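Numbering (this note's numbering), first residue to last: 5 to 129.
We put the CB at the ideal spot given by N, CA and C, even for glycine.
Keep in mind the model is a prediction, meaning the values are calculated, not measured.
Right under this line is the structure:
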């Protein structure tokens, strides 16, 4: 049986220079924030972030949420994904030499950057 969790999400409409964007936050999880050009995009991104949490603290609901006039409270239902495998696989990739030089100079872990980029692409599918 698949367990589902219900999370409170606050989505705020932000207007800057005549353009509206949306920021989604989860009360009690200050590091979980997503932003999108539409309400739906912000909701989709926060769903992905919450779904991928490795530690899920207890969900807290309040009777009266203090909301600003530009904010809405949404109940987000998610099915947690199983933990990602931690075992690394050795794989060689080719990158342009100038990028390799730049990464070394700036002490950038190319494996970590590649892994993060692939995780982001995976989340889109």
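By the three-class DSSP mapping on this structure, what secondary structure does residue i have?
| i | result |
| --- | --- |
| residue 65 | coil |
| residue 118 | helix |
| residue 41 | coil |
| residue 46 | helix |
| residue 128 | helix |
| residue 20 | strand |
| residue 72 | coil |
| residue 36 | strand |
| residue 7 | coil |
| residue 78 | strand |
| residue 130 | The structure shown does not extend to residue 130, since the chain is modelled only from 5 to 129, so the question has no answer here. |
Using only CA atoms, which one of the options lies nearest to residue i?
| i | options | result |
| --- | --- | --- |
| residue 50 | 76, 91, 13 and 120 | 13 |
| residue 37 | 24, 22 and 53 | 53 |
| residue 57 | 83, 65 and 69 | 83 |
| residue 31 | 76, 112, 118 and 23 | 76 |
| residue 91 | 19, 41, 7 and 119 | 119 |
| residue 69 | 127, 15 and 124 | 15 |
Residue i and residue j look like a contact to me (Cβ under 8 Å); what is the Cβ gap, rounded to whole Å?
| i | j | result |
| --- | --- | --- |
| residue 47 | residue 17 | That pair is no contact at about 13 Å. |
| residue 10 | residue 80 | 7 Å |
| residue 99 | residue 117 | Incorrect: roughly 10 Å between the Cβ atoms, too far for contact. |
Step through the CB atoms of chain D and report whether any lies within less than 8 Å of the CB of residue i.
| i | result |
| --- | --- |
| residue 21 | You won't find chain D in this structure, because it holds only one protein chain. |
By Cβ distance below 7 Å, which residues in the same chain neighbour residue i in space, the five residues on each side in sequence not counted?
| i | result |
| --- | --- |
| residue 43 | 15 and 26 |
| residue 74 | 16 and 17 |
| residue 107 | 114 |
| residue 65 | 12 |
Kindly list the residues whose CB is nearer than 6 Å to the CB of residue i, restricted to its own chain and excluding five residues on each side of it in sequence; keep chain order.
| i | result |
| --- | --- |
| residue 8 | 81 and 83 |
| residue 5 | Interpretation of residue 5 is limited by its pLDDT of 49, a score under 50 that renders its predicted location unreliable; the figure taken from the coordinates is listed afterwards. Once the five neighbours on either side are set aside, residue 5 has no close Cβ partner at all. |
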